[in-house]
Amino acid sequence: MFKRLLALLIAAVTLLSFASCTKSKSVVVNEAGAQEVIECPSGNMIGLEKIVIFEDHVVVVLDKQICDDLKYDENEWVGNANNYTLERYLDEEDPKFSVHITNYRSNYSSSIEVIKYKYVATVAFDKIDFKMEDPDKAIKIRGVRIGDFEIEFDEEKIELEYIATGCDIMCFYTQVYDRSAKTWSSVREDRVGCETQPYV
């Protein structure tokens, strides 16, 4: 009898743990109604976990700790490293994030919040006041800009870019996710002098 009760108790705890784990991932409202959900391992330079595309907005989910610990800091050459964080946008009514859409121009509004230790950034675009550049071509969302992070994506890959600036150089950091292989490349670094000459 005791073994049976113990087994039932363990099963109940396991189910509760699973339910809470599943719930912790649910940080995007109405994700089931999205046009596309792009997921990737968060082990990348900005902690990107998910891009959720809706008809009139895009939601980006990033691991807060990885994002806050960004080691490719914009101030590293002026002795003030490791100060970059998306937290600086939390109090802004519209942090001016944007969406890259082919064949489409519109106004954007954006917001960011922290939910369950994740940055959840939303960029909405106006479906009423939009302008198609070519009526014969399709509209396609191909990327977002969240703060200083550029995130480009298509059917094959996701590409991240972050530009760090110092006193006399710019450093471009890029990382690519292969969606079929489900792997991140190593981070590529390209330094450029302030007069667009290669930095030596």
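Going by numbering that gives the first Met the number 0, the sequence shown opens with residue 0, and the numbers climb by one from there.
Idealized CB from N, CA, C, for every residue including glycine.
Predicted model only: the values in this text are computed from it and were never measured.
By the criterion of at least three beta-carbon pairs nearer than 8 angstroms, the region 154-162 is in contact with the region 41-55. In this structure, S105 lies away from T121, with their beta-carbon atoms at least 8 angstroms apart. In this structure, E30 lies near V51, with their beta-carbon atoms less than 8 angstroms apart.
Every unbroken stretch of the beta strand (DSSP E) spanning 3 or more residues and falling wholly within the region 90-170 is given here in chain order: 97-101, 107-114, 117-124, 139-145, 148-152, 156-164.
For the pair R187 and T164, the CB atoms are not nearer than the 8 angstroms cut-off. Relative to G192, the option among G32, F171, R141, V175 whose CA is nearest is F171. With a cutoff of 8 angstroms on beta-carbon distance, P94 and Y103 are scored as not near each other.
The residues F171, in chain order, have a CB closer than 6 angstroms to that of D189 in the same chain once the five nearest residues on each side in sequence are set aside.
Within the DSSP bridge table, the entry for K49 names E38, V60 as partners. Sequence-distant Cβ neighbours of F148 in its own chain, meaning closer than 7 angstroms and more than five residues away, are I45, L159, Y161. Here E188 is bridged, per DSSP, to Y172.
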